[in-house]
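Quick mapping for you: the protein sequence lines, in order, are chains A and B. Residues 1 to 458 in my numbering are what the first sequence lists, from first letter to last. Residues 459 to 520 in my numbering are what the second sequence lists, from first letter to last. The beta carbon of each residue, even a glycine, is placed where N, CA and C say it ideally should be. Read the structure below first, then the notes.
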Amino acid sequence: MNAAIEGFQQSIFRFLPEVTLPKKRINLKRRLIWSALMLAIYFILAEIPVYGITGSQIDYFAGLRAIMAGENGSILTLGIGPVVTAGIIMQLLAGSEIIKFDLSSPKGKASFQGTQKILAIFLCFFEAAIWILGGAFGRPDSSFLIGFMIFQLAIGGLLVLMMDEVVTKWGFGSGISLFIAANVSQRILWEAFSFAKSPINPDEFIGAIPAFIKSFIDGQPVWIRGGLLPDITQVFFTLIVFVIVVYAEGMRLEIPLSYGKFRGARGRYPLKFLYASNIPVILAAALFANVQLFARVLTSRGINWLGTFNEFGGPKSGLIYYLTPPHSIEVLLNEPLRAVIYLAVFIALCAMFAVLWIDLTGMGPKEVAKKLQGSGMQIPGFRRDIRILEKVLDRYIPPITLMGGIFVGLLAAFADFTGALGTGTGILLTVGIVYRMYEELAKEQMGEMMPAFRQFLG
Amino acid sequence: MVKRKPQAVGGAMPATGAGLIRYFDEDEGGLKIRPEAVVAICVVVIVVGILLQVFGAELLGF
Chain A
1 MNAAIEGFQQ SIFRFLPEVT LPKKRINLKR RLIWSALMLA IYFILAEIPV YGITGSQIDY
61 FAGLRAIMAG ENGSILTLGI GPVVTAGIIM QLLAGSEIIK FDLSSPKGKA SFQGTQKILA
121 IFLCFFEAAI WILGGAFGRP DSSFLIGFMI FQLAIGGLLV LMMDEVVTKW GFGSGISLFI
181 AANVSQRILW EAFSFAKSPI NPDEFIGAIP AFIKSFIDGQ PVWIRGGLLP DITQVFFTLI
241 VFVIVVYAEG MRLEIPLSYG KFRGARGRYP LKFLYASNIP VILAAALFAN VQLFARVLTS
301 RGINWLGTFN EFGGPKSGLI YYLTPPHSIE VLLNEPLRAV IYLAVFIALC AMFAVLWIDL
361 TGMGPKEVAK KLQGSGMQIP GFRRDIRILE KVLDRYIPPI TLMGGIFVGL LAAFADFTGA
421 LGTGTGILLT VGIVYRMYEE LAKEQMGEMM PAFRQFLG
Chain B
459 MVKRKPQAVG GAMPATGAGL IRYFDEDEGG LKIRPEAVVA ICVVVIVVGI LLQVFGAELL
519 GF
């Protein structure tokens with residue numbers, strides 16, 4: 001990058017809002033308080049409606065709402081959309097080296113981070129404009145009101161951006177993960193236990209479990225309700241997906257190592273089967289959400305290149321139709337072609353994002369070998385040489401990355417097809433997030449109780 | 459217990475959250491905001507949002 005562009009960049013970065021870094025390590029209790037506070041604010045904001053909505057609302061994220069967090073019609077309509085989209089774009093740009101960042105230097109990292117933030121801020125306004133100008137919240141006559149509504153949605157996006165930063169810097173875990181998990185959990189609870197009556201059929205409970213109990217008492221247990229209401233079969237599938245994800249999260253391949261300085265000291269380097277964790281799934285899903293968003297804009301202008309929507313706002317035909325998973329077994333059996341195409345595209349994307357992610361975050365064989373070599377580990381029975389470490393790791397890391405990526409993609413799609421509550425992708429992400437939070441919490445607690453351990457735990 | 463290896467110096471992983479690569483430990487040189495200020499801004503937005511729902515129609519006239 002030449003000096004002129006760099007100078008220009010720096011002058012823009014100066015105006016970006018940035019949450020201060022804590023001066024010293026914050027203890028676990030205070031960090032949990034910060035996270036809880038942000039979560040509470042998130043839930044309240046998701047209940048504040050946008051001012052100026054006329055008529056019925058269409059959710060432009062539709063089937064992907066669970067993953068994008070937020071609540072349609074509220075200040076947080078955009079949810080984590082702008083932040084995640086900015087992340088994907090930056091990853092693709094940096095991964096394909098269209099823009100080069102030196103991610104090993106602090107300056108390069110700051111530049112990457114700043115550029116990502118500019119993009120996220122731009123996307124807040126851009127997606128807000130798509131939402132309002134596309135007519136999702138009705139078409140008001142006053143152009144002032146249109147502008148004001150765009151402003152409200154953009155503010156919501158910016159607040160999520162800042163809240164995420166507060167959680168990541170001052171709180172526990174990452175804000176984005178926290179908001180996704182909170183949103184999906186809320187949805188699962190509602191769909192499973194809600195005693196509210198269905199707006200279409202006032203005799204039916206919305207919640208799957210109350211509805212099943214009622215039908216059981218009436219003497220005619222209903223296992224599958226069909227339509228849009230959740231049923232008891234879907235509750236079982238939710239549990240199955242939950243168990244599979246927890247099991248898969250714990251799957252590890254252990255590479256035996258020995259410690260060069262002390263004879264007989266042995267260790268193992270665990271490679272997680274889900275080496276790129278659930279990251280490929282969220283990126284693929286967010287990409288689909290964006291394709292859908294663009295299709296909405298195009299159709300509202302009468303262009304049907306990406307497909308068309310039905311009167312309820314759901315996809316009806318074209319590319320976007322094939323990029324939306326069939327959300328029940330019923331639909332799956334009626335439209336096998338749609339399921340096959342969705343599966344193929346989704347898994348291919350997951351595999352691609354998994355490989356890209358490992359590459360960009362320095363989790364590849366070369367970097368891991370360097371790290372192990374630096375800590376004095378070696379492969380038992382071989383001489384201490386980084387090339388040997390690299391060769392052994394190279395045999396495992398690329399295949400495990402690919403397999404892990406394909407596996408999470410397959411699992412998310414399977415869960416979606418069964419109509420699991422909170423959407424399959426949503427459960428997959430939430431279980432993964434909560435599982436990792438739990439791991440992190442256990443680690444932190446250990447570190448607080450025995451400070452000497454901290455350096456070993458990293 | 460499985461022997462854990464110490465973290466190599468300089469090999470710190472970037473802070474990752476839900477698939478985003480972020481470097482939140484770097485100073486970006488931007489406008490500094492305290493986390494308390496973020497809370498305050500959110501509270502202001504919540505209050506204004508509620509007021510708009512109640513008095514908006516009279517205040518703005520649409």
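- Within 10 angstroms of the beta-carbon of residue 54 (chain A) lie fewer than 16 other beta-carbons, which makes it exposed.
- Under the Cβ distance rule, residue 486 (chain B) counts among the residues neighbouring chain A, one pair being separated by less than 9 Å.
- The beta carbon of residue 13 (chain A) falls within 9 Å of a beta carbon belonging to chain B, placing the residue at that interface.
- The beta carbon of residue 170 (chain A) falls within 9 Å of a beta carbon belonging to chain B, placing the residue at that interface.
- About 7 Å separates the CB atoms of residue 428 (chain A) and residue 408 (chain A); that is less than 8 Å, so the two are in contact.
- Per DSSP, reduced to three states, the secondary structure at residue 317 (chain A) is strand.
- Annotation: residue 60 (chain A) is outside any beta strand (DSSP E) and is labelled neither H nor E by DSSP.
- One thing to note: residue 496 (chain B) has its Cβ no nearer than 9 Å to the Cβ of residue 84 (chain A).
- In the DSSP assignment, the residues bridged to residue 489 (chain B) are A:17.
- With the criterion set as a beta carbon lying under 7 Å from some beta carbon of chain B, the members of the stretch 50–75 of chain A are 51 and 75, in sequence order.
- Following the DSSP letters along the chain, one finds residue 254 (chain A) in no alpha helix (DSSP H) but inside the beta strand (DSSP E) bounded by residues 252–259.
- When C-alpha distances from residue 342 (chain A) are compared across A:322, A:231, A:77 and A:360, the shortest belongs to A:322.
- Under the three-pair Cβ rule at 8 Å, the stretch 485–500 of chain B counts as touching the stretch 12–32 of chain A.
- Here residue 70 (chain A) is near residue 46 (chain A), since their CB atoms are less than 9 Å apart.
- Here DSSP, grouped into helix, strand and coil, assigns residue 382 (chain A) to coil.
- Listed by position along chain A, the residues whose Cβ is nearer than 7 Å to that of residue 489 (chain B) are 15, 16, 17 and 18.
- Residues of chain B whose Cβ lies closer than 7 Å to the Cβ of residue 109 (chain A) are, in chain order, 481 and 484.
- Scanning its chain for C-beta atoms nearer than 8 Å, with the 5 sequence neighbours on each side dropped, one finds around residue 445 (chain A) the residues 28, in chain order.
- In the displayed model, residue 363 (chain A) falls within coil according to three-state DSSP, outside both helix and strand.
- Residue 163 (chain A) and residue 483 (chain B) have their alpha carbons spaced roughly 16 Å apart.
- Rounded to whole angstroms, the separation of the alpha carbons of residue 91 (chain A) and residue 331 (chain A) is 34 Å.
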